[in-house]
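Below: one structure, written as structure tokens.
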Amino acid sequence: MEVSPVDVMAAAEALRIPAAVDLAAIVVGALTGGLLAAREGFAVSGVLLLAVSGGLGGGLIRDVLLGDLPPVALTNRAYLPTVAITAAVTFFFSGWLSRLTGLLVVLDAITLGFFTVIGAQKAQILGMSTPAVVFIGTLTAVGGAVIRDVLLAQRADIIQPGPYNAVAALIGATVLAVLAGPVGLDPLPVAAAVIVLVAALRVLSVWRGWEAPVAVDL
Amino acid sequence: MEVSPVDVMAAAEALRIPAAVDLAAIVVGALTGGLLAAREGFAVSGVLLLAVSGGLGGGLIRDVLLGDLPPVALTNRAYLPTVAITAAVTFFFSGWLSRLTGLLVVLDAITLGFFTVIGAQKAQILGMSTPAVVFIGTLTAVGGAVIRDVLLAQRADIIQPGPYNAVAALIGATVLAVLAGPVGLDPLPVAAAVIVLVAALRVLSVWRGWEAPVAVDL
Amino acid sequence: MEVSPVDVMAAAEALRIPAAVDLAAIVVGALTGGLLAAREGFAVSGVLLLAVSGGLGGGLIRDVLLGDLPPVALTNRAYLPTVAITAAVTFFFSGWLSRLTGLLVVLDAITLGFFTVIGAQKAQILGMSTPAVVFIGTLTAVGGAVIRDVLLAQRADIIQPGPYNAVAALIGATVLAVLAGPVGLDPLPVAAAVIVLVAALRVLSVWRGWEAPVAVDL
């Protein structure tokens, strides 16, 4: 499969995601990453690095795997400055921001859904198979968290039992891949529904203490 | 060097590895990864992620470095479903599969040899230099294990003393790079011999307790 | 943005960095990585892997993100053999080399500056925006250390308080991106000045105990 820059630009066009929504998701991702680093007493470079991972990490992995290089994270002129400003905010106001934990859980869940949709749609427009669309969608959603855990030398959060995270993204990406793929529904309402679905699964699993299932031994 | 999709397809053609052998190696890699995750009590997302790493991780790293993007792991329509089914099997039958440890050591060793050959041959067909062929061959063989260790926040197995793993792949890749490269022997018998060599080195080092040499101080 | 192999070759041409300087930086990076592995009693594969990470890791990340694949680390025929020879030296003479710690701090600091410049210049020549030039320059400089920490399952050095490392690279990359970018100064003297600046910041922070600032709570 040949992925030309023109195809990718056409794909971005076809997504027609309002730029403000896109940037909002990156801000929330960078906020979560930077806040964690600031609260743990990391250096300024650590706050920046975790903000970049949280805001742009999933998209970086997605674009490397899809061969859309340099990645959108570097070619879109608004992204890196937005992440840098967000990192600076967390650097100076971590105490104040920490009081917003409840709000951040919700914003984070919506971002998880948004990144799932962005990743899956881009893979779909580039003509990937349904399983590849699911894979790329899920990886875009959780990639930032995986990079963060790796840099912190923590066992990746998504492989452990706990509230739905990768599982919510996986379900959402599968729904999108099937409904907007073989079933052929209009991509826009499907995308909106999947964002709501992923965010709801994530928030409910945190609030109700749902845990991703672990292996059984039949 | 320009790597066009056509070159890569011609390369895959030239390898002429039976699809069944290829899939078998991916199943064994995914089985080892998924089984480890299932036995450690990881969530379903962890079992999937470690199965993907074990079965497709080495090939993902190889294709990113060779610029063959999107990687074969995503464009071959059989790979991701095969890994997902294998992950499901380890998810439900980890206890039963664990009894096969002896068999898995042998299958794993053969897979190490197979991934070494696949990686080295692809680099060779794309016209890489002999050292680059050795590097790519070794990395394809151990890449899945490295990704697994990184996700588990364990010191990478291959940098520590212990049974031959990277060392077996390194020896095999060097033999292939030289014999099928400058020496100019027929690639097919060389590939077969290297698979046997790598698998034998790995199995013997496990059985006889051979350890990779550590630094000396002359 | 389309990055053709021809552009990249023209870029390498335009840099006109003497090949000896280039190789010297890779030797120092590989020496630092290999020496660490040898002193910690790692296997031969670990010494090789950390030497490759230290000498070529930053450049590998840079080229993957810029889409210049296969990366220069693999296409330049001198790099991998140079790293392998350096790894062999650390494997056999780690005790003797360890006495050079003072010298290594200085060489390492110069290498940090050099990798910053190489990364930032390459991004600049490929037409990236100023923030992207800063990002790539910094990542090229610290990428090898990040890969090393990840393989050792250590919390990445650059996110923790301590002597300037990523911070020195970040300052240097910003100076280069602005002076050789929008300001339009001659790239060569700017490059030389930035190498001195980064190396000085790094060495002084080690000697004087300067630490990268941590988050405050306004």
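Residue numbers (numbering that gives the first Met the number 0), protein chains in the order written: chain B, 0 to 217; chain E, 0 to 217; chain Y, 0 to 217.
Just so it is clear, CB atoms sit at the ideal spot from N, CA and C, and this is done for glycine as well.
Check	Outcome
Start and end of the alpha helix (DSSP H) containing residue 145 of chain Y?	129 to 150
Could you work out which residues of chain Y lie near residue 36 of chain E, taking near to mean beta carbons separated by less than 8 Å?	Near residue 36 of chain E there are no residues of chain Y at all, since even the closest Cβ is about 17 Å away, more than 8 Å.
Straight-line CA distance for residue 195 of chain B to residue 113 of chain B?	9 Å
Please report the straight-line C-alpha distance between residue 236 of chain E and residue 164 of chain E, rounded to a whole angstrom.	As displayed, chain E neither begins before 0 nor continues past 217, which places residue 236 of chain E out of reach and without an answer.
Might you give, ordered along the chain, the residues of its own chain that have their beta carbon closer than 6 Å to the beta carbon of residue 29 of chain B, omitting 5 neighbours on each side?	50, 53, 54, 82, 85
So which of B/39, B/210, B/206 has the shortest CA-CA distance to residue 104 of chain B?	B/206
Considering only their Cβ atoms, is the gap separating residue 111 of chain E from residue 60 of chain E smaller than 8 Å?	no
Any idea what DSSP makes of residue 191 of chain Y, helix, strand or coil?	helix
Report the residues of the stretch 198 to 213 of chain E with a CB closer than 7 Å to any CB of chain Y, ordered along the chain.	211, 212, 213
Taking the alpha-carbon positions, what's the residue 166 of chain B to residue 43 of chain E distance?	8 Å
Tell me whether residue 18 of chain Y is buried or exposed, calling it buried when 16 or more other Cβ atoms sit within 10 Å of its Cβ.	exposed
Could you tell me which of Y/23, Y/212, Y/128 sits nearest to residue 108 of chain Y, measuring between CA atoms?	Y/23
Chain E beta carbons: is any one of them nearer than 8 Å to that of residue 161 of chain B?	yes
Please tell me whether residue 154 of chain B has its Cβ less than 8 Å away from any Cβ of chain E.	yes
Below 8 Å on the Cβ atoms is my contact criterion, and I expect residue 211 of chain Y with residue 160 of chain Y to pass it. Report the Cβ-Cβ distance as a whole number of Å.	6 Å
What is the DSSP secondary structure of residue 264 of chain B, reduced to helix, strand or coil?	Past the edges of chain B, shown from 0 to 217, lies residue 264 of chain B, and the structure says nothing about it.
If we define contact as Cβ-Cβ less than 8 Å, is residue 130 of chain B a contact residue for chain E?	yes
Using the C-alpha atoms, what's the distance from residue 143 of chain E back to residue 92 of chain Y?	31 Å
Just by C-beta distance, which residues in the stretch 74 to 105 of chain Y are closer than 8 Å to chain E?	74, 76, 79, 80, 83, 89, 90, 91, 92, 93, 94, 95
At a Cβ threshold of 8 Å, is residue 240 of chain B touching chain E?	There is simply no residue 240 of chain B to check, as chain B begins at 0 and stops at 217 in what is shown.
Kindly say whether residue 42 of chain E, judged by its beta-carbon, lies nearer than 8 Å to any beta-carbon of chain B.	yes
Counting only beta-carbon atoms, is residue 63 of chain B nearer than 8 Å to chain Y?	yes
For residue 215 of chain E, which of helix, strand or coil comes out of DSSP?	coil
State the DSSP-derived secondary structure class of residue 107 of chain E, mapped to helix, strand or coil.	helix
My guess is that residue 48 of chain Y and residue 135 of chain E are in contact by the Cβ rule of under 8 Å, so how many angstroms apart are they, rounded?	Rounded, the Cβ-Cβ distance is 14 Å, inconsistent with contact.
Helix, strand or coil for residue 209 of chain B per DSSP?	coil
I want to verify the contact list: residues of chain E whose CB lies under 7 Å from the CB of residue 107 of chain B, in sequence order.	Correct list: empty, because the minimum Cβ distance to chain E is about 17 Å.
Using CA coordinates, which residue listed in E/62, E/98, E/101, E/115 is at the minimum distance from residue 168 of chain E?	E/115
In the DSSP assignment, what residue or residues form a beta bridge with residue 90 of chain E?	None, per the DSSP bridge assignment.
Note down, in chain order, each residue of its chain lying with its Cβ closer than 8 Å to the Cβ of residue 46 of chain B, except the 5 sequence neighbours on either side.	33, 36, 37, 86, 89, 90
I'd like the list of long-range same chain contacts for residue 140 of chain B, defined as Cβ closer than 7 Å, with 5 residues on each side in sequence excluded.	57, 111, 114, 115, 118, 168
If you reduce the DSSP assignment to three classes, tell me which class residue 21 of chain B lands in.	helix
Going by CA-CA distance only, name the one from E/95, E/173, E/152, E/208 that's closest to residue 122 of chain E.	E/173
Around the Cβ of residue 130 of chain E, are there at least 16 other Cβ atoms within 10 angstroms (buried) or fewer (exposed)?	buried
Given a cut-off of 8 Å, decide if residue 151 of chain Y and residue 147 of chain E are closer than it, judged by their beta-carbon atoms.	no
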